[in-house]
Ligand code: AMP
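Residue numbers (the numbering used here): 18 to 475.
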């Protein structure tokens with residue numbers, strides 16, 4: 018399959034050649050003809066599949082074929098996406114693919130001054146890429162006229178829902194012209210998303226790709242059981258290995274991301290943090306420093322890392338496991354991209370064992386356990402119960418999201434990852450509590466049943 022066979026026009030083919038793309042990805046092969054036919058599309062696909070080009074290329078072609086409009090350009094395409102990073106990346110893609118088309122785009126998102134954005138809007142653009150909050154704000158102020166809109170793209174719909182943007186999205190949709198072409202993309206299809214898609218799309222064609230099925234096979238996964246207090250030392254120990262080149266380290270909280278970046282810097286590892294509390298400029302700077310290898314480690318929260326595209330990332334380290342198991346799949350998808358090998362290392366402390374179980378259930382496999390390392394878990398904490406310990410104890414964390422059959426990426430569990438030495442199977446069973454465990458010497462030992470007493474009553 019080639020881009021020529023997809024009936025793309027010369028200015029786009031020229032840009033694709035400059036980008037070095039030779040073969041359309043599966044989502045591009047499926048989606049481009051549908052969009053060119055001006056049909057509505059329901060796309061089940063994640064970042065990393067080539068999804069952006071799958072909608073940007075045919076949109077640019079349709080806009081060009083419609084003809085350029087004399088005078089100030091009206092907005093003819095709106096792309097709504099949940100995060101600033103994604104919005105910027107989508108705008109960069111439109112600029113790159115549209116290089117020879119004369120079509121213009123701009124991007125609007127919150128957290129920065131609105132003046133440059135309103136100036137760009139005033140000058141006129143064919144394509145507007147926006148995050149919901151800032152777009153509504155600018156619409157309310159009268160800067161955005163969507164009356165000439167022809168094509169609407171809702172990107173990462175499930176993430177919009179997770180981030181609580183659904184009301185904003187609905188308010189925006191209510192202001193769009195009824196007669197339009199709509200493209201709807203979501204990585205997962207829980208019932209709320211299916212319902213939302215039905216309110217937006219008319220007689221859509223559905224395409225589905227699961228990127229993790231391709232990336233998972235090239236990602237070697239492993240987990241270290243380690244006490245919370247030793248995570249920092251373990252991370253520094255692992256980073257002594259020069260094979261760990263550029264690494265994305267994930268934390269659950271913004272505060273945690275700052276702390277890890279600070280600790281690494283103190284130990285002479287160049288690191289920066291990226292999260293929602295950082296100003297847009299700081300986030301962009303950290304990302305560029307990481308891409309240009311000026312820093313070795315980028316510490317990120319899930320939302321900040323969502324969608325960031327970094328070529329050939331060698332390692333992803335889950336310093337803290339995500340409490341939403343799907344985030345694990347997104348996180349490790351940052352490595353092993355485009356056929357490159359990658360390693361995903363996770364740290365799991367006693368309180369995170371329930372998260373690990375949920376993740377293993379979702380991906381349909383046990384993540385190989387590294388038992389020999391300098392910071393083995395305190396044996397007393399090792400198999401601390403994850404269920405309620407009694408009043409004041411921390412209950413097992415609830416699942417955040419309902420799963421559907423679409424949530425489980427195809428391909429997971431088909432193949433056992435290899436490549437990590439000294440591994441043994443994780444004893445963190447997904448269904449039954451483990452009866453044996455691996456001790457710090459790497460031997461399997463029986464776990465004696467413990468009785469748990471409330472403090473002071475033993
Ligand atoms: P996306 O899923 O849109 O975020 O794209 C993921 C990455 O794949 C981006 O870096 C794109 O530049 C790249 N990409 C998209 N389509 C192709 C293609 N057909 N060939 C090679 N790289 C591509």
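Yeah, the Cβ is synthetic: ideal placement off N, Cα and C, and Gly gets one too.
Using only the alpha-carbon positions, how far apart do residue i and residue j sit?
i, j, result
"residue 35", "residue 251", "43 Å"
"residue 178", "residue 128", "20 Å"
"residue 433", "residue 372", "Residue placement at residue 433 is flagged as unreliable, the pLDDT there being 34, under the threshold of 50; a coordinate-derived value is accordingly withheld."
"residue 365", "residue 295", "27 Å"
"residue 21", "residue 215", "33 Å"
"residue 17", "residue 309", "The structure shown does not extend to residue 17, since the chain is modelled only from 18 to 475, so the question has no answer here."
"residue 352", "residue 114", "25 Å"
"residue 41", "residue 81", "21 Å"
"residue 341", "residue 195", "36 Å"
"residue 212", "residue 174", "11 Å"
"residue 381", "residue 64", "22 Å"
"residue 307", "residue 206", "33 Å"
"residue 389", "residue 258", "15 Å"
"residue 442", "residue 285", "Summary for residue 442: the model assigns pLDDT 34, below 50, so the residue's position carries little reliability, and this model does not support an answer."
"residue 243", "residue 394", "5 Å"
"residue 39", "residue 159", "42 Å"
"residue 131", "residue 238", "43 Å"
"residue 347", "residue 332", "14 Å"
"residue 47", "residue 392", "49 Å"
"residue 217", "residue 343", "25 Å"
"residue 289", "residue 359", "21 Å"
"residue 45", "residue 176", "22 Å"
"residue 37", "residue 322", "25 Å"
"residue 367", "residue 386", "14 Å"
"residue 134", "residue 124", "7 Å"
"residue 87", "residue 182", "35 Å"
"residue 184", "residue 141", "27 Å"
"residue 219", "residue 283", "56 Å"
"residue 301", "residue 210", "30 Å"
"residue 204", "residue 109", "21 Å"
"residue 273", "residue 66", "30 Å"
"residue 85", "residue 253", "56 Å"
"residue 137", "residue 293", "25 Å"
"residue 91", "residue 275", "42 Å"
Just to confirm, is the Cβ distance from residue i to residue j under 8 Å?
i, j, result
"residue 265", "residue 338", "no"
"residue 143", "residue 121", "yes"
"residue 315", "residue 334", "no"
"residue 52", "residue 76", "yes"
"residue 68", "residue 267", "no"
"residue 58", "residue 221", "yes"
"residue 236", "residue 349", "yes"
"residue 336", "residue 240", "no"
"residue 156", "residue 187", "no"
"residue 161", "residue 200", "no"
"residue 78", "residue 33", "no"
"residue 163", "residue 255", "no"
"residue 31", "residue 117", "yes"
"residue 97", "residue 149", "yes"
"residue 152", "residue 189", "yes"
Do you know whose CA, among the options, lies nearest residue i's CA?
i, options, result
"residue 167", "93, 52, 358, 259", "93"
"residue 269", "347, 183, 319", "319"
"residue 287", "343, 303, 297, 322", "303"
"residue 172", "245, 307, 358, 101", "101"
"residue 9", "124, 89, 98", "The structure shown does not extend to residue 9, since the chain is modelled only from 18 to 475, so the question has no answer here."
"residue 311", "262, 249, 358", "262"
"residue 248", "219, 258, 281, 218", "281"
"residue 197", "55, 134, 184", "55"
"residue 83", "165, 389, 134", "165"
"residue 477", "141, 109, 369", "Because the chain in this structure spans residues 18 to 475, residue 477 falls outside the shown range and cannot be described."
"residue 313", "386, 133, 260, 185", "260"
"residue 279", "305, 317, 298", "317"
"residue 345", "134, 379, 253", "379"
Please report the Cβ distance between residue i and residue j, rounded to the nearest whole angstrom; I am assuming they are in contact, meaning their Cβ atoms lie under 8 Å.
i, j, result
"residue 111", "residue 73", "5 Å"
"residue 70", "residue 226", "The pair is not a contact, with the Cβ atoms about 13 Å apart (cut-off 8 Å)."
"residue 384", "residue 374", "Actually they do not touch by this definition, with Cβ atoms about 11 Å apart."
"residue 107", "residue 49", "About 16 Å separates the two Cβ atoms, so there is no contact after all."
"residue 224", "residue 60", "5 Å"
"residue 99", "residue 18", "About 31 Å separates the two Cβ atoms, so there is no contact after all."
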